[in-house]
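See below for the structure under consideration.
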Amino acid sequence: MENMLNESHTSYNVNGENKCPFNHGASANNNAKQAAGGGTRNRDWWPNQLKLNILRQHSSLSNPMASDFNYAAEFQTVDLQVLKNDLA
């Protein structure tokens with residue numbers, strides 16, 4: 002209640018140290034994911050953007066098998082004992 006008049010002028014030091022708010026790439030804990038000369042990518046500007054590639058996961062264009070491929074029938078042709086021996 003004492004700070005109500007000066008609340009807009011109060012500065013808070015959350016991390017215990019003062020830092021420049023802009024990332025110039027010169028900090029000791031620089032975790033930049035870009036290679037030198039890589040430039041800025043869209044995900045650098047909008048890291049929380051919607052990932053639209055999830056919409057293509059069940060598309061027929063992303064399926065490498067033919068439309069008449071039968072997974073159940075092909076699974077029946079697998080020799081499970083040979084597969085177990087390969088994994089052991």
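Just so you know, our numbering puts the end of the sequence shown at 89, numbered straight through with nothing missing. We put the beta carbon where it would ideally sit given N, CA and C, even for glycine. Every value quoted in this text rests on a predicted model; they were computed, and no experiment measured them.
Determine the direct distance from the alpha carbon of residue j to that of residue i, and round the result to whole angstroms.
i   : j   : result
K52 : R42 : 15 Å
L56 : L62 : 12 Å
A89 : H59 : 33 Å
G39 : D45 : 12 Å
A73 : N54 : 27 Å
F76 : L84 : 12 Å
N7  : N19 : With a pLDDT of only 49 at N7, under the threshold of 50, the placement of this residue in the model should not be trusted; the figure read from the coordinates follows. If you take the alpha carbons of N7 and N19, they lie about 21 Å apart.
Q50 : V79 : 42 Å
F23 : P65 : 45 Å
Under DSSP, the alpha helix (DSSP H) around residue i begins and ends at which residues?
i   : result
W46 : 43 to 46
F70 : Unbroken run through F70: none, as it is neither H nor E.
N86 : 81 to 88
8 Å is my cut-off, CB to CB: does residue i come that close to chain D?
i   : result
L81 : The structure shown contains no chain D; it holds only a single protein chain.
Say the cut is 7 Å; is the CB of residue i nearer than that to a heavy atom of the ligand GDP?
i   : result
S60 : With respect to the ligand GDP, the structure shown offers nothing to examine, as it has no ligands at all.
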